[in-house]
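I have placed the structure first, in the form of structure tokens, so that the comments after it can refer back to it.
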Amino acid sequence: MHQLKHIFLCTIFIGLGASQAWSQKAEGGRFDRINYTAPSLADNVGGEEPTRSVSIYLPPGYEKSKMRYPVIYFLHGYGVNDSLMVVWLELKKVMDRAIAQQRIPPVLLVIPNCESRYFGSFYTNSVVNGNWGDFIAHDLVKHVDLNYRTIPRKEARGLFGHSMGGNGVLRIVMKYPDIYNAAYALSPGALHWSKEFNLDNAAFRTLQEVTNEAAILQHDEDPTINPSRFWTPLMAALGRSFSPDVNAQPLQAKLPVSYQGTERSIHVEVLELWEKNFPINMAHHHIDALKLLRGLKFDWGRQEEFPHIPATCRELSARLSALGIQHEAEEYIGGHVDNIGGTSGRITTEVLPFFAILLEFK
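Quick note, the sequence shown lines up with residues 1165 to 1526 if you use my numbering.
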């Protein structure tokens, strides 16, 4: 989640350079960064910008050939955006080398910027934030298919994401079963309540006490140093996504917990909205959609800095098995962010080979 941004900030900005409408050009393929105005985000009441940047990797030879390509969509995590992911994960090098080494045939990689005013959209349709699920599965796919030489059918589309993006992957393939052929979630967060992600989290008390948005948005801290300044905006983002209420100021959301003095109250009707949006609970209602996938995999690190992630990934795997849904679930040696990018990270060794097997390339 947002810890990624704190740990690797220096590395990212050294490599980032110009981040405005850039193209990375070197041997191999290239990344273009475009701006796209999403109809599904237009006229939202939460102040979210409907024009989103999108980073798009075009493989070697794209300009000179007439061939069409599959597309892999990548959903980023909380507190970051598309351009930070391209640099931090070394995605140009990753894609160029994977194609050169025949880990995967030439393919497009598309990364939309889904960082919201509260640092994460959770890829959810919301009457406050706008319809982020529709943006990913409908608007963006349509735009890419119309403007690039894609293979414009489900069998040639894959979806993967990290952390909040892993949550989004699971959510979107359940809600939009006709769009993607295979899905991979890296360290998916907030799958359900567990460990440090719970109803006793101090963020709920903090959110009740704040009187202006600026106080909520003081977020830029490592959660191990100042947990409140990490969890407070994250819980706010979840509220705006799962239980939006335009009349509840300043957050424009209801929360499942409130306090009167030291007395905690659970608001069952709001809690039910959150529960309905946790992917573990969604699975039971989307069995047919999950069974339509040609492949589904998720993984997590044994040294994960967010303890709820391994616990809920295991819970999700057990739930899927009970529902008869084929999937792969893997624990590996590593933490939340240290084994993902670069030419030896899991995007290279696991994600791209996964899609090389499962997508159609003709």
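Note that CB positions come from ideal geometry on N, CA and C, so glycine has one too.
- Between Gly1284 and Met1328, the beta carbon gap of about 5 Å places them in contact (Cβ cut-off 8 Å).
- Between the region 1333-1349 and the region 1292-1307 there are three or more inter-stretch CB-CB distances shorter than 8 Å, so the stretches are counted as touching.
- By the C-beta density criterion, Val1410 is exposed, having fewer than 16 other C-beta atoms within 10 angstroms.
- An exposed status is given to Ile1521, since fewer than 16 other beta-carbon atoms sit within 10 Å of its beta-carbon.
- Note that the C-beta distance between Ala1400 and Tyr1282 is below 7 Å.
- Sequence-distant partners of Ser1407 (beyond 5 residues in either direction) whose C-beta falls short of 6 Å from its own C-beta, in its chain, are Ala1417, Lys1418, Val1434 and Leu1437.
- In the structure shown, Arg1317 adopts coil according to DSSP, grouped into three states.
- Excluding residues up to 5 positions away in sequence, nothing lies with its Cβ nearer than 8 Å to the Cβ of Ala1482 in the same chain.
- Annotation: the continuous beta strand (DSSP E) that includes Thr1215 extends over Thr1215 to Leu1222.
- Rounded to the nearest angstrom, the gap between the Cα atoms of Gln1490 and Phe1462 is 12 Å.
- Contact between the region 1464-1474 and the region 1355-1370 is established, with three or more Cβ pairs separated by less than 8 Å.
- Look at the beta carbons and you see the region 1243-1262 touching the region 1507-1520: at least three pairs across the two are nearer than 8 Å.
- The beta-carbon distance between Tyr1237 and Val1271, rounded to whole angstroms, is 11 Å. This is too long to meet the 8 Å contact definition.
- In the DSSP assignment, Gly1329 falls within the alpha helix (DSSP H) that extends over Met1328 to Lys1339.
- When Asn1376, Asn1293, Leu1248 and His1240 are compared, the shortest CA-CA separation from Gly1325 is found for His1240.
- Shown here for Lys1455: same chain residues with a beta carbon closer than 7 Å to its own, the five before and five after excluded, namely Ile1489 in chain order.
- Proximity to Val1501 across Phe1525, Glu1479 and Gly1353 peaks at Gly1353, based on C-alpha coordinates.
- Beyond the five residues adjoining it in sequence on each side, Asp1309 comes within less than 7 Å, by CB distance, of Pro1316 in the same chain, given in chain order.
- The Cβ atoms of Gly1465 and Gly1498 sit closer than 7 Å to each other.
- As DSSP reads the structure, Gln1424 sits in a beta bridge with Glu1427.
- For Glu1213 and Pro1203, the gap between their C-alpha atoms comes out near 11 Å.
- Annotation: Arg1267 to Phe1519 spans about 10 Å, alpha carbon to alpha carbon.
- Asn1376 and Pro1414 do touch by the CB rule: their CB atoms are close to 6 Å apart, below 8 Å.
- According to the DSSP assignment, Pro1517 belongs to no beta strand (DSSP E) but to the alpha helix (DSSP H) extending over Leu1516 to Leu1522.
- Spatial neighbours of Asn1289 in its own chain (CB-CB distance under 7 Å, excluding positions within 5 residues in sequence) are listed in chain order as Asn1295, Trp1296, Gly1297 and Asp1298.
- Cβ neighbours of Val1292 within its own chain (closer than 8 Å, five residues either side excluded): Asn1208, Val1209, Gly1210, Arg1404, Pro1408, Asp1409, Val1410, Gln1416 and Ala1417.
- With a beta-carbon spacing of about 6 Å, Leu1484 and Ala1447 fall inside the 8 Å limit used to define contacts.
- Assignment of Asn1311 by DSSP, reduced to helix, strand and coil, places it in the helix class.
- Listed in chain order, the non-local C-beta contacts of Leu1222 below 6 Å within the same chain comprise Gly1193 and Arg1194, local neighbours out to five positions each way being set aside.
- By the 16-neighbour rule on beta-carbons within 10 angstroms, Ser1429 is exposed.
- Short of 6 Å from the beta carbon of Arg1313, and not among the five residues preceding or following it, lie these beta carbons of its own chain, in chain order: Arg1232.
- Between Pro1443 and Arg1335, the CB-CB gap stays under 7 Å.
- No Cβ-Cβ contact shorter than 7 Å links Tyr1287 with Gly1225.
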